[in-house]
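**Q**
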Amino acid sequence: LFDLEFGCSSVHTLPELSDGQSFHLALAREDCVYILGGHSLTSDSRPPRLFRLRVKLLQGSPLLCCEALETGISISSAIITRTGPTHRYIILGGYQSNSEKRLECNTVTLDEKGIHIEPLDPPQWTADIIQSRTWFGGSTGEVSILLAVPTEGRPSQPDSHYFYQVSFETEGESKEEEGTRGSSQELTDYDDSTPLEDSEELYFGREPHELEDSSDGEQDTYNEEDEDDESQTGYWIKCCLGCQVDPNT
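So for the sequence shown, the numbering used here puts the first residue at 1223; every next one is plus one.
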């Protein structure tokens, strides 16, 4: 542990991880670190493990507590990407055995109650991805992952790779889709929408003094005959005769 405030460090041994844990995923929220999956060097396997490491910063020396949880998954060398400002992540890729890739996806959420792992529909994998023995990649930002797959079995391209970009919905896009799902037709169907109220109708192409000198008050009177002549009527809101606002801007 490194204490950046006081500039000191300490070393701790965790018996639960003494069998050579590697290629795992680690996620942190506040004082808890979750270690998910991984490869065990002693058994050469990928057991479905999940550990929660809690760090208590007591006076004098920190206290570490590690416990095994029951909701782990069998995975190693996976890629993880964040979906937004909260502690919600997407797990993609990796291996579930030495000769089998893991084609499933999961979402992981960290909150005050703990860790929650849920299945997620994977992308439609191409034939090159499904048939390849290896793949690798990394996160390129929120909800975006870059995958690389070697071109196996092609002597003409021994050192070539296929690259794929996988994108998921962000938290904001997902909430927006849920919020507008019931009103999307209302937004696009303009025939059923309520018409806007007409503003006060004035004449175009007349100077302020012409309106001021008018004695019959026609400038403030609606005339049905002017509806057919759109060149002389419009929907401008009158403010005052001395207004300096350019109507063309």
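Every residue gets a Cβ at the ideal spot worked out from N, C-alpha and C, and that includes glycine.
It should be emphasised that the depicted structure is a prediction, and the values quoted were computed from it without experimental measurement.
Exposed or buried, ASN1328, counting other C-beta atoms within 10 Å across all chains shown (16 or more means buried)?
**A** That one is buried.
**Q** What residues in its chain sit with their C-beta under 6 Å from that of ARG1271, if we drop five residues either side in the sequence?
**A** Excluding residues within five positions, the ones whose Cβ falls inside 6 Å are GLY1294.
**Q** With a Cβ-Cβ cutoff of 8 Å, do ILE1301 and ARG1324 count as a contact?
**A** Result no, Cβ atoms of ILE1301 and ARG1324 do not sit closer than 8 Å.
**Q** Could you tell me the distance, in whole angstroms, from the CA atom of TRP1357 to the CA atom of HIS1261?
**A** Between TRP1357 and HIS1261, the C-alpha separation is close to 17 Å.
**Q** Do GLU1393 and THR1308 have their C-beta atoms closer together than 8 Å?
**A** Yes, they are a contact pair.
**Q** When DSSP builds the beta bridges, which residues end up paired with GLN1387?
**A** According to DSSP, GLN1387 bridges with LEU1368.
**Q** Taking C-beta to C-beta, are THR1331 and HIS1338 nearer than 8 Å?
**A** Yes, Cβ-Cβ distance for THR1331 and HIS1338 is below 8 Å.
**Q** Between ALA1250, SER1267, LEU1263, which has its C-alpha nearest ASP1241's C-alpha?
**A** The option with the nearest alpha carbon to ASP1241 is LEU1263.
**Q** In angstroms with no decimal places, state the Cα-to-Cα distance between ALA1290 and PRO1269.
**A** The straight-line gap from Cα to Cα measures roughly 12 Å.
**Q** Bridge partners of VAL1330, per DSSP?
**A** For VAL1330, which the question treats as bridged, DSSP gives the partners TYR1311, ILE1339.
**Q** Can you give the beta carbon distance from GLY1315 to LEU1368, rounded, assuming they're within the 8 Å contact cut?
**A** Not confirmed; about 10 Å, so no contact.
**Q** Give me the residue from SER1265, ASP1266, SER1267, GLU1238 with the minimum Cα distance to ILE1257.
**A** For the residues SER1265, ASP1266, SER1267, GLU1238, the minimum Cα distance to ILE1257 belongs to GLU1238.
**Q** Going by DSSP, which residues form a beta bridge with GLY1359?
**A** Note: GLY1359 sits in a beta bridge opposite LEU1369.
**Q** Could you name the residues of the same chain whose beta carbon sits closer than 6 Å to that of SER1366, not counting the 5 residues immediately before and after it, in chain order?
**A** Cβ neighbours of SER1366 beyond the five flanking positions: SER1389.
**Q** Since LEU1249 and GLY1259 should fall inside the 8 Å C-beta cutoff, what is the C-beta to C-beta distance between them, to a whole number of angstroms?
**A** The pair is not a contact, with the Cβ atoms about 11 Å apart (cut-off 8 Å).
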